[in-house]
Amino acid sequence: MSLFRAIRIDKTETGTKASYVDFERADLMDGDVTVRVSHSTVNYKDGLAVTGKSPVVRRFPMIPGIDFAGVVETSTHADYKPGDSVILNGWGVGETHLGGYAQVARVPGDWLVPLPAGLSAAQAMAIGTAGYTAMLCLLALERHGIKPSDGPALVTGAAGGVGSVAVALLKQAGWRVMASTGRPEEEAYLKGLGADEIIPRQELSAPGRPLGKERWAVAIDSVGSHTLANALAQTKGEGAVAACGLAQGMDLPATVAPFILRGVALLGVNSVTCAKALRMKAWQRLARDLDQQKLVAMTTHAPFERVVETAADILAGKVRGRVVVDIPG
Ligand code: NDP
């Protein structure tokens, strides 16, 4: 087919506009692998891109969708041949390179990862960039050498995408999990994923003291701002916080006290441009360790036609866990 269905973001006089269109295959960007996309997802960054609330889209027109899974149609890349199942997240796809909310995507093969054995395309996208990032956070904490016997693990933004997968992964890895959420009605959901204790969001999201009582050995934070500052201030000596997000804000109103008085480490996590070896390791570990029943519990499906509404919902904090987008065949 020379035309395929896609969501396209165009620049307008007042901002940006997302529309459902027939897109010309000839207008795809350069890449040595063309993929028939079966699934994509709605991550927080997709919410920013589709609504135009933050300038994450850097090229117009743009097909948003920062991740996708599908089957290779054509390839001149040595690692991929037609029929191979692949996944992609990051690399500016959906921001500077045409992305996953489309029936067809063309990308450099170096950006792809083979679908790991044991995961379907739909399961891989239920994990998506958010779940992959949760695994990168866990790997960063493990590289730092901290173990479940050192104390509990805090997860902020726990009912969100990164947070839900982080709760399940930390529990599976043997941690006692403290889940911070602004949605008390999700207590049963979070306990089902593995949370041992629920912490109300406002305990961490308001301005706090430079140092507080030592409550956890590690934290996975997708929230930023005062929440990250408080997570650091209440981390045990020689503990570590993996920071990957900014749902509360991009600022970090903290002091150096946790670093210089307790030896706490702040580990930054960027999922967009990881080396292939780390990407493969993270995806293989997700395929091995993430409980599939918990993945089902945290996943909803959105038809392609509802992506624009769902993008607004995720920014409004109305989405629980992960959303898979089923791309029409
Ligand atoms: P979600 O919207 O699914 O989750 C974010 C969660 O944060 C919400 O569910 C909510 O959790 C909490 N939250 C929202 N607003 C606030 C607020 N004002 N104050 C405190 N908590 C808040 O998004 P994702 O999980 O997809 O992404 C989370 C963050 O991680 C985003 O900032 C995203 O950009 C970032 N990210 C970064 C990546 C990287 O490479 N570094 C990769 C992937 C994501 P609850 O309802 O439980 O309180």
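Counted the way my numbering counts, the sequence shown spans residues 4 to 332. In this text, a Cβ means the ideal position worked out from N, Cα and C, and glycines have one as well. Keep in mind it's a predicted model, so treat the numbers as computed, not measured.
* Asked: Taking C-beta to C-beta, are L142 and A278 nearer than 9 Å?
  -> In the sequence shown, the residue the question calls residue 142 occupies position 139. In the sequence shown, the residue the question calls residue 278 occupies position 275. For L142 and A278, no; Cβs fall outside 9 Å.
* Around the Cβ of T54, are there at least 16 other Cβ atoms within 10 angstroms (buried) or fewer (exposed)? -> Translated into the one-based positions of the sequence shown, residue 54 becomes position 51. Buried is the call here.
* Asked: Nearest-angstrom Cα distance between G73 and M283?
  -> The residue you call residue 73 lines up with position 70 of the sequence shown. The residue you call residue 283 lines up with position 280 of the sequence shown. Separation of G73 and M283 (C-alpha to C-alpha, rounded to the nearest whole angstrom) is 17 Å.
* **Of the residues G320, R291, A290 and R325, the one placed nearest A300, counting alpha carbons only** => As a working note, residue 300 is residue 297 in the sequence shown. Minimum Cα distance to A300 is reached at R325.
* Asked: How about the region 147-156 and the region 242-254: do they share at least three Cβ pairs that are nearer than 8 Å?
  -> Contact between the region 147-156 and the region 242-254 is present, because at least three Cβ pairs lie under 8 Å.
* **Option nearest L207 by Cα separation, candidates V221, G215 and N233** => Position 204 of the sequence shown holds residue 207. Closest option to L207, Cα to Cα, is N233.
* **Residue of A319, G320 and G86 minimising C-alpha distance to T77** => For the purposes of this step, residue 77 is identified with residue 74 of the sequence shown, where counting begins at 1. Among A319, G320 and G86, the Cα nearest to that of T77 belongs to G86.
* **F71 (DSSP reduced to helix, strand or coil)** => Residue 71 sits at position 68 when you count from the first residue of the sequence shown. In this structure, F71 counts as strand in the three-state DSSP scheme.
* Hey, could you find the ends of the alpha helix (DSSP H) D294 is sitting in? => In the sequence shown, counting from the first residue as 1, residue 294 sits at position 291. Per DSSP, D294 belongs to no alpha helix (DSSP H) and is neither H nor E.
* To do: From the DSSP output, read off the bridge partner residues of F7.
  => On the sequence shown, residue 7 is found 4 positions in, with the first residue counted as 1. Paired residue(s): F26.
* Close-in-space but distant-in-sequence residues of the same chain around S228 (CB under 6 Å, 5 per side omitted) -> Along the sequence shown, one-based indexing puts residue 228 at 225. These residues qualify, in order along the chain: Q251, G252 and D254.
* Minimum length 4: unbroken alpha helix (DSSP H) runs contained in the region 243-317 -> Correct list: 260-265, 279-292 and 295-300.
* Can you give me the start and stop residues for the beta strand (DSSP E) that S123 sits inside? => The count along the sequence shown starts at 1 and reaches residue 123 at position 120. For S123, no beta strand (DSSP E) segment is defined, and its DSSP state is neither H nor E.
* Is T132 near the ligand NDP, in the sense that its beta carbon is under 8 Å from a heavy atom of that ligand? -> For the purposes of this step, residue 132 is identified with residue 129 of the sequence shown, where counting begins at 1. Yes, since a heavy atom of the ligand NDP falls inside the 8 Å radius drawn around the Cβ of T132.
* Asked: Can you tell me whether DSSP reads H229 as helix, strand or coil?
  -> Here residue 229 is taken as the residue at index 226 of the sequence shown, counted from 1. Helix.
* **For Q296 and Q3, the rounded distance between their alpha carbons** => The structure shown does not extend to residue 3, since the chain is modelled only from 4 to 332, so the question has no answer here.
* Asked: In terms of DSSP beta bridges, what is S41 paired with?
  -> Counted from its first residue, the sequence shown places residue 41 at position 38. Bridge pairing for S41: absent [DSSP].
* Asked: Cβ of V129 within 9 Å of Cβ of L298?
  -> In the sequence shown, the residue the question calls residue 129 occupies position 126. In the sequence shown, the residue the question calls residue 298 occupies position 295. One detail in the question is off: residue 129 reads as Ala in this sequence, not Val. Using a Cβ distance threshold of 9 Å, A129 and L298 count as a contacting pair.
* Bridge-paired residues (DSSP) for E200 -> As a first step, residue 200 is located in the sequence shown; it is residue number 197 there, counting from the start. DSSP output for E200 lists M181 as bridge partner(s).
* Should T230 be labelled buried (16 or more other beta-carbon atoms within 10 Å of its own) or exposed? -> Here the question's residue 230 lines up with position 227 in the sequence shown. Classification for T230: buried.
* Asked: Cβ of M181 within 9 Å of Cβ of A162?
  -> Mapped onto the sequence shown, residue 181 falls at position 178. Mapped onto the sequence shown, residue 162 falls at position 159. No, the pair does not count as a contact, with Cβ atoms beyond the cut-off.
* Asked: Between the region 206-220 and the region 191-198, are three or more C-beta pairs nearer than 8 Å?
  -> Counting Cβ pairs under 8 Å, fewer than three are found: no touch.
* To do: For T19, count neighbouring C-beta atoms within 10 Å of its own C-beta (all shown protein chains included) and say buried if the count is 16 or more, exposed if not.
  => Taking the first residue of the sequence shown as 1, we reach residue 19 at position 16. Burial call: buried.
* DSSP on G240, reduced to helix/strand/coil? -> Mapped onto the sequence shown, residue 240 falls at position 237. For G240, the three-state secondary structure derived from DSSP is strand.
* **DSSP state of K216 mapped onto helix, strand, coil** => Counting from 1 along the sequence shown, the entry for residue 216 is found at position 213. DSSP, read as helix, strand or coil, puts K216 in coil.
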